[in-house]
Amino acid sequence: MVSGFTVIFIMVGIGYLLGRTRVLGESAHEVLSRLVFFVCTPALLFHSLVTSDLSVIFSKTLVIAGGSALTIGLAYVVVARLWLRRAIPELAIGGLSSSYVNSVNLGLPIAIFVLDDASFIAPLLLFQILIYSPMALITLDLTVTDPALGHASRKTTLRDAVIAPLTNPIVLGGVTGLIVSAVGRLPPTAVLEPMKMLGNASVPCALLAFGLSLTGAAIFKKGESPRRDIALASALKIVAMPALVYVVARFGFGETGHDLFAQVVIAALPTAQNVMVYATRYRRAQIMARDTALITTLGSIPAIAIIAVLLT
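Positions 148 to 459 (our numbering) are the ones given, in order, by the sequence shown.
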């Protein structure tokens, strides 16, 4: 656990220093975020799914983790809509912030070093990239406002609903990888290696972009940061989601011991930096995504420690 968190803090710190020194220029954060969104993450998803065992991925863990994430995300949307009166793009980013788990750059180290089994994280990774991300990204594609024109960039028609996922690089990478994996024939090495190289850059680039976004930023600043949104998303992510997963896994599926511990620990992982990348791409709720990711990263450390004391 310490190793996994240390990796994150070092990478984010390097990104912050790059931003402070302006080594990469004024637009580094946006350019790096676009690189992650359009190139590196699609390659990561494609390579991960092509080389995965689908029998391990399609398991009860997929139902527990995926169902709980959807429930928590929906809870945020309902509360934020009724209480805070937020627009749909902000609700989409907030829903992800409250339930989208950092399953790669922190989830994998935790699964390896704490749980001693990386297979626990694979079903959640599949759910997030093939179901959860597409749902949120399609919503953003159809509802976001074009800042240059000042009005909706697309009309929410049936045609748009069909075209939007077909033009989203992350959705395309995940779906293509799943199809190739289901066929059962690996692409040639000349194709897989470039995808692997680009995919390996996704996590560090996302962390660097996150660090760049912290430059000159006052976290949870009054009058600038949407405090109620951040507090709601953070509480749902660190407290409500692990509690829900415990109830579902323990009483719904009868899990005990190490399996139950693993499910709850994964649910307690912080918000993924991918949410910040999405927020930057669509230029909506960026401060919320940034602050929630940072607060949940810090909060997940004591949360996982408490879970370890209670369940082991």
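Backbone N, C-alpha and C define an ideal beta-carbon position, used for all residues, glycine too.
Check	Outcome
Opposing strand residues paired with Thr418 [DSSP bridges]	Val248
Among Lys207, Glu173 and Asp438, the one whose alpha carbon lies nearest that of Ala396	Lys207
Contact belief for Ala450 with Ala419 at Cβ below 8 Å, rounded distance in angstroms	Not confirmed; about 16 Å, so no contact.
Coarse secondary structure for Ser381, derived from DSSP in three states	helix
Rounded distance between the beta-carbons of Arg431 and Ile240, thought under 8 Å	6 Å
Nearest-angstrom Cβ-Cβ length linking Tyr163 and Thr444, presumed shorter than 8 Å	So it is not a contact: roughly 14 Å between Cβ atoms.
For Lys384 and Ser245, believed in contact at Cβ under 8 Å, the rounded distance	5 Å
Coarse secondary structure for Pro373, derived from DSSP in three states	coil
Limits of the alpha helix (DSSP H) - the one that Thr286 falls within	Ser280 to Thr290
DSSP state of Phe205 mapped onto helix, strand, coil	coil
Between the CA atoms of Met388 and Val422 - distance to the nearest angstrom	17 Å
Host alpha helix (DSSP H) of Ile276 (start-end)	It is not in any alpha helix (DSSP H) - Ile276 carries neither H nor E in the DSSP assignment.
When Thr218, Cys187 and Phe152 are compared against Ala348, the one with the closest alpha-carbon	Cys187
Distance between Ser250 and Cys352 (C-alpha atoms, nearest Å)	15 Å
C-alpha gap between Tyr247 and Gly172, whole angstroms	30 Å
His298 (DSSP reduced to helix, strand or coil)	Here His298 scores only 42 on pLDDT, less than 50, and its place in the model should not be relied on; the value that follows carries that caveat. His298 falls in the strand class under three-state DSSP.
Sufficient close CB pairs (3 or more, under 8 Å) joining the region 330-346 to the region 208-221	no
For Met441, three-class secondary structure by DSSP	Correcting the residue type first, residue 441 is Leu in the shown sequence and not Met. Reduced to three states, the DSSP call for Leu441 is helix.
Identity of the residue in Gln410, Ala440, Pro417 and Tyr425 nearest Gly532 by Cα	Lying before the first or after the last residue shown, residue 532 is absent from the chain, which here runs from 148 to 459.
Tyr429 vs Leu243 beta-carbon contact at 8 Å	no
Exposure label - Asp288; buried when at least 16 CB within 10 Å	buried
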